[in-house]
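Chains as they are written, first to last, in the working numbering: chain A, 13 to 278; chain B, 436 to 759; chain C, -4 to 270. Glycine residues also receive a C-beta, built at the ideal position from the N, C-alpha and C atoms.
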Amino acid sequence: MNDLAVLGRYIPGTSAIHRMDPRAKLLGSLAVMVIIFMAQSFWSLAVCAVFVLGFFAISGIPFKSAFRSIVPLLFVVVITALLNIFFVHEGTVVFQWAFITITTTGLIKAVFLAIRLVLLLLAMSLLTLTTATLDITDAFEYLLKPLTKLGVPAHELSMMMGIALRFLPQFIIELQTIYRAQVSRGAQFKDGKLSMVRSLTIPLFTSAFRHAETLSLAMDARCYHGAEGRSRLKPLSYSALDRNAVFVLIFMLLCVMSANFIPQTF
Amino acid sequence: MRISFEGVSFSYANPEHAEKRKRRLKKRKEAGIVAPPASLADHKAPDWGSDPDQVWALYDITFTVEDNEFLGIAGHTGSGKSTLIQHMNGLVHPTQGRVLLDGEDLADKAVFKRCRGQVGLVFQYPEHQLFAATVAEDVAFGPRNLGLDDDEVRARVAEALASVHLDIDEIGEKSPFELSGGQQRRVAFAGVLAMHPRILVLDEPVAGLDPVAREEFLLLISELHAQGITIVLVSHSMDDLARFADRILVLNAGELFDLDTPAAVFSRDEELRKIGLDVPAAQKFANELREAGFHLPAELYTTESLAHDIALQLASASESEVRA
Amino acid sequence: MPLIEFHDVYYTYDGESFALSNINFSIEQGEFVCVLGGNGSGKSTLAKHINALLLPDQGSVKVLGKDTQDQNETYYIRSHAGMVFQNPDDQLVASLVENDVAFGPENLSVPTDELRIRVADALANVGLQGFDGRETASLSGGQKQRVAIAGVLAMKPEILILDEATAMLDPRGRKGLMRVCRELNADGMTIIMITHYMDEAAQADRIIVLDGGEVACIGSPQDVLTQHELLERLHLDLPFAAELSYALAHAGIDITATVNTDELKEELCALALKA
């Protein structure tokens, strides 16, 4: 309940990865994830792992923060692994009891998928740990811009995302206070009775409306009038860094592709 | 009913881990890898204004809230006041030490369950926790959770609303969100009173109210105290604490700085200023006049009593001159 | 020419009762004005008229010579009369301090190089140098309010309006905010502060007291805040010095009513010496 910072909160820094253009970083992390999906063997996964760990080393983000940021999503990894252990019935049987059959192939597949998922999550968290949320939403807005012609409100969407992210930590604190206040009034949330849940959600919603009212007034007072004629404190611009990142990613792709050809001995 | 704190320390993080993390962070900061510490700060702890690296939110606190006492709690933001009062009804448990309610450990689940409702905790801006469709329903939430039958619940709702000077016939069926801010706060307050607490813990109950509503609310609290309810009042207003409290507990950086009568606490005005706290205006002025040679005998002054003593002294001085 | 002019201003929210009626006053460049009044006296409504968030139903409000009714001037007025609101948690737009401070001037299409300078200057002016990259969520209430002020300053305003901006702060935060406002005022900024706190009002150049949407009294703190009967009728507190000097006068001491504690102390010492 305390730590809802799924995928990690931005840790300021000055590393090459921090300084990359957020658009390049957004696309880059997508590319890394695609490359990880292309890894077919443990060898190529190992190559991916080396690269991902390398990226973290460059970013200066302590690996522990990185790991902690993916902990809330590890259950996905565990479930995927368990599904493979219990439902893949090819290969040599290593354990059998009643309807449970565990095979070597199942185990190997489970391990493989677990590693792949962890790497994917790490690649995602590298983006969120090294990029301020506003930069991510800016990048998002820019990448969506071609769609404005189709009626997609790119600026408004990214503004909404930015504000949502800005209020998220506040809502977590508020929810915590409301929870404690209702517990102080004898509420018990274990059995999930509707009135109990309502005693949390309704105050949270009214608070959201209250915030929204003043926030829109405050935005008006600061001359907000949509995307038109807005300048930027941090204009997006690609640099040599981003070009180099492209080369690094191509190199990673090549390494992974070649590693796919190394025969796996089990 | 008494609440005793015995050597209570509390840490939001596991203290050993926090210590280690702090050391590592320092090293990393020195190496210049990670920029400012702010966003690395443990965002679990409500530590605004305090040192984000602070390991203990409370450290080695021992004291007892006596039966039917009016205890004031002072300390600037981040000194651990909120954490301290959340120990009083078992919302949080000490990392070290014990909190005893009439001699029984609140960390014990059975004790906690039995004592539900006995210690009423009113949070800051309690009106933000209103949720039911009608005022009466909202106030009934607490008593219902105690498992009381309908008749008893109804009786308690009426009684609680009456004790905060609200008319159940007039507003009982209204939505709490239709009411004014001050009325909403009273409703929220009634919601806690309806559980028949014997100790009422209030966190900044008059924050954000205008002077009229403030005064009404403070009088309401002192009325409840007169009816025999023990009051623990957390406040930034030293004037309010001086006016109502029997004793004042001063917290600084999670540690017990002082626990004494208002007169004794406010006689330490230099030290209080150092930890970011004020002294009531009348007391501060009396201290300044004393330094300027005035003879002001009382230990604790209000504006009225100060005016009285100053007038008395000026009069007696001119009298003695006339005699001379 | 006065910086702000209210001429016979009337305003109603519901069309039945007037939240403001018959408001007439003007504020000069560089003044520090406090607006006092109980809940529902129309303080906030008045403040929102100064930067065209609300427009008068009758009468006119002129800011820097421009009528707030003129829609072409709305952004000019809003950027020159910046406003800080009550709740520190409601008015920051961005997660990072620098982005939030830049929000206003970005809307005014200030070029990037200039933006950087403005953000740095504004943060320095509120005593938050080096907070650029901090997350707004990690700040204290007082710091958040100072970021909000910096966000206004970055628009280079001439008028700063604070709508009960200290109401939700702790004493330390309040003092810090007051200090910032006084420094800005010393540098020529016109400040309009809406508040409940009499010790803050006592520091103003001029006070406007509102009651039921009408101006009950305008004058210097010394003139307004020593009017015991008036303030009592309007349910407003007196500043400590005024209250004590009133109580002393009541007890038969010949003393000037004052809002300044130091003056009161000097006068008392002089009296004691004479006696």
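Task: Proximity test, Cβ basis, 9 Å: A/Q276 and chain C - done: Looking up residue 276 of chain A in the first sequence gives position 264. False, the Cβ-Cβ gap to chain C never drops below 9 Å.
Open item on the list: Here's a check: name, in chain order, each residue in its chain whose Cβ is nearer than 6 Å to the Cβ of B/A480, leaving out the five neighbours to either side.
Closed with: The residue given as residue 480 of chain B occupies position 45 in the second sequence. Confidence in B/A480 is poor, its pLDDT being 37 and thus under 50, which makes the residue's placement too unreliable to answer from.
TODO: Provide the residue(s) that pair with B/R533 in DSSP beta bridges, ordered along the chain.
DONE: Walking along the second sequence from the start, residue 533 of chain B turns up at place 98. Note: B/R533 sits in a beta bridge opposite B/E441.
Task: Counterpart residues of B/V588 in DSSP-defined beta bridges - done: Along the second sequence, one-based indexing puts residue 588 of chain B at 153. DSSP, once it has assigned bridges, lists no residue as partnering B/V588.
Task: C/H122 versus C/A197, C/L103, C/A143, residue with shortest Cα-Cα distance - done: Residue mapping note: residue 122 of chain C aligns to position 127 of the third sequence, counting from 1. A quick correction: the sequence has Gly, not His, at residue 122 of chain C. The shortest C-alpha separation from C/G122 is found at C/A143.
Task: Residue(s) in a DSSP beta bridge with C/C212 - done: Working through the third sequence from its first residue, we reach residue 212 of chain C at position 217. BP columns for C/C212 point to C/V204.
- [ ] Could you please give the first and the last residue of the uninterrupted beta strand (DSSP E) stretch that includes C/K57?
- [x] Here the question's residue 57 of chain C lines up with position 62 in the third sequence. Run containing C/K57: 53 to 58, per the beta strand (DSSP E) assignment.
Open item on the list: I'd like the span of the alpha helix (DSSP H) that includes C/D194, first residue to last.
Closed with: Walking along the third sequence from the start, residue 194 of chain C turns up at place 199. 193 to 196 is the extent of the alpha helix (DSSP H) around C/D194.
Open item on the list: Check this for me: beta carbons of C/P216 and C/I202, under 9 Å apart or not?
Closed with: If you number the third sequence from 1, residue 216 of chain C lands on position 221. If you number the third sequence from 1, residue 202 of chain C lands on position 207. Going by C-beta atoms, C/P216 is nearer than 9 Å to C/I202.
TODO: Name, in chain order, the residues that DSSP records as bridge partners for B/R682.
DONE: Sequence index remark: in the second sequence, residue 682 of chain B carries index 247 (1-based). Bridge partners of B/R682: B/L506.
Open item on the list: Output needed in chain order: residues of the stretch 722 to 743 of chain B with a Cβ under 8 Å from some Cβ in chain C.
Closed with: E723, L724, A727, G728, F729, T738, E739, L741, A742, H743
Open item on the list: Does the CB of C/D84 have a neighbour CB from chain B at under 9 Å?
Closed with: Here residue 84 of chain C refers to the residue found at position 89 when the third sequence is read from its first residue. No, C/D84 does not count as interfacial toward chain B.
Task: Against chain C: residues of the stretch 540 to 563 of chain B by CB proximity under 7 Å - done: none
TODO: Please say whether C/G208 and C/Y15 have beta carbons closer to each other than 9 Å?
DONE: To locate residue 15 of chain C, count along the third sequence from 1; it is residue 20. To locate residue 208 of chain C, count along the third sequence from 1; it is residue 213. For the record, residue 15 of chain C in the displayed sequence is Leu; it is not Tyr. Against a cut-off of 9 Å, the Cβ pair of C/G208 and C/L15 comes out as a contact.
Open item on the list: Taking beta-carbon pairs under 8 Å, can you tell me which members of the stretch 169 to 188 of chain A lie near chain C?
Closed with: G174, I175, L177, R178, P181, Q182
TODO: Spatial neighbours of A/T104 within its chain, please: CB distance less than 7 Å, with the 5 preceding and 5 following residues excluded, ordered by chain position.
DONE: Taking the first sequence and counting its residues from 1, one reaches residue 104 of chain A at position 92. Only T115, T116 meet the Cβ criterion.
- [ ] Tell me, to the nearest whole angstrom, how far the beta carbon of B/A746 is from that of C/L243; I am working on the premise that it is less than 8 Å.
- [x] Numbered from its first residue, the second sequence carries residue 746 of chain B at position 311. Numbered from its first residue, the third sequence carries residue 243 of chain C at position 248. Correct: roughly 6 Å between the Cβ atoms.
TODO: Could you tell me the distance, in whole angstroms, from the CA atom of B/A545 to the CA atom of B/E587?
DONE: Taking the first residue of the second sequence as position 1, residue 545 of chain B is located at position 110. Taking the first residue of the second sequence as position 1, residue 587 of chain B is located at position 152. Cα to Cα, the separation comes out at about 24 Å.
Task: Whole-angstrom distance between C/Q53 and B/S485, CA atom to CA atom - done: Walking along the second sequence from the start, residue 485 of chain B turns up at place 50. Walking along the third sequence from the start, residue 53 of chain C turns up at place 58. Legend: pLDDT at B/S485 = 45, less than 50; position of this residue unreliable, value from coordinates given subsequently. For B/S485 and C/Q53, the distance between alpha carbons rounds to 50 Å.
Open item on the list: Here's the rule: buried if 16 or more other CB atoms are within 10 angstroms of the residue's CB, otherwise exposed. What is C/E23?
Closed with: Position 28 of the third sequence, counting from 1, holds the residue named residue 23 of chain C. Classification for C/E23: exposed.
- [ ] With DSSP collapsed to three states, give me the class of C/L91.
- [x] Counting from 1 along the third sequence, the entry for residue 91 of chain C is found at position 96. Reduced to three states, the DSSP call for C/L91 is strand.
Task: Simplified DSSP state of B/A688, which is helix, strand or coil - done: Looking up residue 688 of chain B in the second sequence gives position 253. Coil, per DSSP.
TODO: Report back the beta-carbon spacing between B/P715 and B/F729 to the nearest angstrom; my notes put them in contact at under 8 Å.
DONE: The residue labelled residue 715 of chain B in the question sits at position 280 within the second sequence. The residue labelled residue 729 of chain B in the question sits at position 294 within the second sequence. Not confirmed; about 17 Å, so no contact.
Task: Reference C/R113; option with closest CA among C/V96, C/G125, C/E195, C/N34 - done: Sequence index remark: in the third sequence, residue 113 of chain C carries index 118 (1-based). Ranking the options by Cα distance to C/R113, first place goes to C/V96.
Open item on the list: For the structure I just gave you, are there three or more beta carbon pairs, one from the stretch 69 to 87 of chain C and one from the stretch 138 to 154 of chain C, closer than 8 Å?
Closed with: yes
Task: Where A/A151 meets chain C, residues with beta-carbon distance less than 8 Å - done: Mapped onto the first sequence, residue 151 of chain A falls at position 139. Near A/A151 there are no residues of chain C at all, since even the closest Cβ is about 14 Å away, more than 8 Å.
Task: Residues, ordered as in the chain, of the stretch 153 to 168 of chain C that lie near chain B by beta-carbon distance below 7 Å - done: A162, M163, D165, P166, R167
Open item on the list: Taking DSSP's pairing of strands, which residues face C/I22 in a bridge?
Closed with: Counted from its first residue, the third sequence places residue 22 of chain C at position 27. DSSP output for C/I22 lists C/I(-1) as bridge partner(s).
Task: Beta-ladder partner(s) of C/I154, from DSSP - done: Indexing the third sequence from 1 puts residue 154 of chain C at position 159. C/I154 pairs with C/A76, C/T185.
Open item on the list: So, with DSSP's three-state summary, where would you put A/T92?
Closed with: Against the first sequence, residue 92 of chain A aligns to sequence position 80. In this structure, A/T92 counts as helix in the three-state DSSP scheme.
TODO: Using 10 angstroms around the beta-carbon of A/P24, count the other beta-carbons present and answer buried if the total reaches 16, otherwise exposed.
DONE: For the purposes of this step, residue 24 of chain A is taken as residue 12 along the first sequence, with counting starting at 1. Per the 10 Å Cβ criterion, buried.
- [ ] Decide if A/R255 is buried, meaning its Cβ has at least 16 other Cβ atoms within 10 Å, or exposed.
- [x] Along the first sequence, read from residue 1 onward, the residue named residue 255 of chain A stands at position 243. Exposed, by the Cβ-count rule.
Open item on the list: If you measure between the beta carbons of B/V599 and B/G532, is that distance less than 9 Å?
Closed with: Indexing the second sequence from 1 puts residue 599 of chain B at position 164. Indexing the second sequence from 1 puts residue 532 of chain B at position 97. Going by C-beta atoms, B/V599 is not nearer than 9 Å to B/G532.
TODO: Please report how far the alpha carbon of B/V574 lies from the alpha carbon of B/A625, in whole angstroms.
DONE: Locating residue 574 of chain B in the second sequence gives position 139, counting from the first residue. Locating residue 625 of chain B in the second sequence gives position 190, counting from the first residue. Cα-Cα distance, rounded: 6 Å.
Task: Residue nearest to A/P34 in terms of C-alpha spacing, selected from A/F54, A/L119, A/T149 - done: Along the first sequence, read from residue 1 onward, the residue named residue 34 of chain A stands at position 22. Taking only the C-alpha atoms, the option nearest A/P34 is A/T149.
Open item on the list: On a Cα-Cα basis, can you pick out the residue from C/L172, C/L268, C/A237, C/L205 that is closest to C/L229?
Closed with: One-based indexing of the third sequence puts residue 229 of chain C at position 234. When only C-alpha atoms are compared, the closest one is C/L205.
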